[in-house]
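Residues -21 to -1, 1 to 493 (mature numbering (1 follows the signal peptide of the UniProt record, and there is no 0)) make up the sequence shown, in order. Here a beta-carbon is modelled for each residue, glycine too, at the ideal position from N, C-alpha and C. Bear in mind that the values here come from a model prediction, so they are computed numbers and not experimental data.
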Amino acid sequence: MKCTLVNFLTGLPIFASSALSQCPDYSEYSKQVHPPLSTGRYNLSYMRPTPECRTFTSPVVEDAIKNMQTTIKDPDLYRLFENSFPNTLDTAVKWRGFAVNNSEEELTFLITGDINAMWLRDSANQMQSYLPLVSANSSHNSLASLYRGVINLQARYILEAPFCNSFQPPIESGIGPSQNQEKPDVFIPNVSTTVAFECKYELDSLAAFLEISTNYYEATGDIDFFGKFQWTEAIHTIIATTESLLIGTYASNGSVNTIPYTWKRETTSATETLDNDGRGNPVQSGTGLVRSAFRPSDDSTIFQLFIPANMMFAQYLDSASEIMNKIGGQRNTSNHMHNFAGRIRDAISKYGIVNNPKYGQIYAFEVDGYGSQNIMDDANIPSLLSAPFLGYLNATDPIYQNTRKLILSADNPYYMRGPVINAVGGPHAGLGQAWPMASIIRIFTTSNVGEIEGTLREIVSSTSGLGLIHESVNSFDAGKWTRQWFSWANGFFGQCLLDLQARGLGRVLSTSYQ
């Protein structure tokens, strides 16, 4: 990774010195063990770049890391927190600056980690890791500024390509685009590869913009920001895009509807393309649910009425309507957002709740409106397991509890079990690969001390000595893992430990995990 400073006068990157340009590539650096090792049984590597090679430094984050050292008693658990919590700031703030046509519009290009592109979903969640530490701050060197920069750049991306999930660096950065596929994907509407890194339509990507907007507003109260740049235009685009995807496959006379998005990729993997000439499996008209061609794992949906994304979208569309209501002249749009969210909630209750012979009423993962159901859960968020974390419902909700019992059992076909780690996985990383992200959301959605401690013990013991949160870990072999540089999951773990302390469960941080 090349370390740069940002010239905030021009919005273009400048190199601080030849020494900074020699910073190691973190994708390789993070695969190697670095001293000093933690003093626990797992001897976890120290994985933070040297201070001059970190892509952003926040004093409040550094203070939080130091303060947790007296709270977390286990040396391996603390090392994992110390490495993971600042990972986005240390490694993934690829560029910061200002829009070329507006010297006040902050922009932040935030990469996922080992992939040099910005995902709407990932970047929103990467910033969420620091939400407990965010406050109103006009400084360009603050966490609040990073938030504003991500929101502004996401708004630009949504206006340019609302069906796309991940994007190339902004032109102001001077960073060239990255190639994704050797053979171009075929999709409608077409978008230039200089703009989009990948154009898989995922409802949760649009929901992520609403989420990060809500998070920033609730943390700072900075309503003026939302009326300055392109936020309201992005909201109108999101509404138009999602309403266009309420359409079913067939018209009332039986003819095939023209849908606004199709996708085809030349691939040997069924999860990387859509059948029926890029349309996906048929969807019933009139359900009130918004279609999603892909899941947050970037895998294609089997049935496009994907319940977790509809939950997330309904929740944050409603919360963002409160922001819109406080912007002058937007009362009608605010009311429309609120009512739209309510209709989706009603549709989830009507079509997304199904009867299971063993667990009773549960939420289905995907439905098609014809009666077909996909009963499972995937590790990526939004998931059914994450519904309380998203604020869609309370963790004590009886239907959620029934669903949770199924998800965390062998009755979920993607619940990976073994002596190393037991967690939800998914087709993206393959069978047998459990995702620590799912372990983390399991902790977020319970107050059971035994469950939390057991889950933390599995996470701490399954990093293969690297001291980072992997994308996935084989449930029978900790040495078989994918993506050690996955910034979202790393920051999410740190956020989880701060949340345990905030929920009055700090005693689990005093436990030994040796």
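Specify the secondary structure class of residue i as computed by DSSP and reduced to three states.
i, result
"Val40", "helix"
"Phe282", "coil"
"Leu477", "helix"
"Ser157", "coil"
"Thr247", "coil"
"Ser328", "helix"
"Phe166", "strand"
"Phe368", "coil"
"Asn353", "strand"
"Val129", "helix"
"Thr241", "strand"
"Ser145", "strand"
"Met395", "strand"
"Thr50", "coil"
"Ala299", "helix"
"Gly92", "strand"
"Asn334", "strand"
"Val487", "helix"
"Ala402", "strand"
"Phe35", "coil"
"Tyr229", "strand"
"Val(-16)", "A caution first: Val(-16) carries a pLDDT of 40, below 50, which makes its placement in the model too unreliable to give a value."
Roughly how many whole angstroms lie between the Cα atoms of residue i and residue j?
i, j, result
"Asp101", "Tyr196", "19 Å"
"Lys423", "Asn232", "Inspection of the sequence shows that residue 423 is occupied by Phe rather than by Lys. Taking the straight line joining both Cα atoms gives about 47 Å."
"Ile354", "Lys384", "13 Å"
"Ser223", "Lys179", "16 Å"
"Tyr109", "Gln158", "30 Å"
"Leu(-10)", "Cys32", "Summary for Leu(-10): the model assigns pLDDT 41, below 50, so the residue's position carries little reliability; its value from the coordinates is reported in the next sentence. C-alpha separation (whole angstroms): 19 Å."
"Ile420", "Ser365", "6 Å"
"Tyr21", "Asn120", "36 Å"
"Gln160", "Leu99", "19 Å"
"Ala358", "Ser276", "8 Å"
"Asn318", "Gly267", "12 Å"
"Pro287", "Asn373", "15 Å"
"Ser443", "Lys10", "10 Å"
"Asp278", "Pro406", "8 Å"
"Asn289", "Pro239", "18 Å"
"Ala71", "Ile218", "30 Å"
"Ser388", "Tyr394", "6 Å"
"Leu(-17)", "Glu437", "A caution first: Leu(-17) carries a pLDDT of 36, below 50, which makes its placement in the model unreliable, though a value can still be read off. Their Cα atoms are separated by approximately 38 Å."
"Asp69", "Trp210", "28 Å"
"Ala417", "Ala186", "20 Å"
"Gly76", "Glu85", "6 Å"
Which residue from the options puts its Cα closest to that of residue i?
i, options, result
"Ser328", "Phe344, Ile44, His315", "Phe344"
"Asn453", "Ile400, Thr34, Gly128, Glu430", "Ile400"
"Arg258", "Ala140, Gly227, Ser298", "Gly227"
"Pro415", "Arg462, Thr382, Ala293", "Arg462"
"Glu245", "Ile218, Phe208, Asp164", "Asp164"
"Lys207", "Thr49, Phe35, Ser82", "Ser82"
"Ser145", "Phe205, Ile90, Glu7, Ile378", "Ile90"
"Pro54", "Leu479, Gly446, Ala481, Cys475", "Gly446"
"Ser426", "Asp478, Val439, Gly321, Ser440", "Asp478"
"Arg58", "Val12, Phe88, Arg482", "Val12"
"Asn80", "Thr49, Ile150, Phe88, Leu182", "Ile150"
"Ser489", "Trp460, Arg135, Leu435, Arg127", "Leu435"
"Ala272", "Ser264, Leu284, Gly265", "Leu284"
In the DSSP assignment, find the alpha helix (DSSP H) that holds residue i and state where it starts and stops.
i, result
"Ala457", "First-last for Ala457: 456 to 461, but that is the beta strand (DSSP E), not the alpha helix (DSSP H)."
"Phe6", "Looking at the sequence shown, residue 6 is not Phe but Ser. Where Ser6 is concerned, the enclosing alpha helix (DSSP H) stretches over 5 to 8."
"residue 494", "The question about residue 494 has no answer, for the chain in this structure spans -21 to 493."
"Asn453", "Careful: Asn453 lies outside any alpha helix (DSSP H), inside the beta strand (DSSP E) at 451 to 453."
"Trp210", "210 to 223"
"Gly411", "Segment: none, Gly411 is in no alpha helix (DSSP H) and carries neither H nor E."
"Phe60", "54 to 63"
"Gln340", "Careful: Gln340 lies outside any alpha helix (DSSP H), inside the beta strand (DSSP E) at 339 to 342."
"Leu435", "428 to 439"
"Ser276", "Unbroken run through Ser276: none, as it is neither H nor E."
"Asn104", "99 to 107"
"Asp254", "254 to 257"
Kindly indicate the opening and closing residues of the beta strand (DSSP E) around residue i.
i, result
"Glu83", "81 to 89"
"Gln380", "Gln380 -> not in any beta strand (DSSP E); alpha helix (DSSP H) instead, spanning 377 to 386."
"Arg270", "Looking at the DSSP string, Arg270 is not in any beta strand (DSSP E), and its letter there is neither H nor E."
"Arg75", "72 to 78"
"Phe188", "Segment 182 to 199 is the alpha helix (DSSP H) holding Phe188; no beta strand (DSSP E) there."
"Glu177", "175 to 177"
Could you tell me if the beta carbon of residue i falls within a distance shorter than 8 Å of some heavy atom in the ligand FAD?
i, result
"Leu284", "Here there are no bound small molecules, and the ligand FAD is not part of this structure."
Does the contact criterion of 3 or more C-beta pairs under 8 Å hold for the stretch 56 to 63 versus the stretch 463 to 473? yes
Kindly confirm or deny that the stretch 295 to 314 and the stretch 248 to 262 touch, where touching means at least three C-beta pairs closer than 8 Å. no
For the stretch 146 to 157 against the stretch 88 to 97, do three or more pairs of beta-carbon atoms, one drawn from each stretch, fall closer than 8 Å, so that the two count as touching? yes
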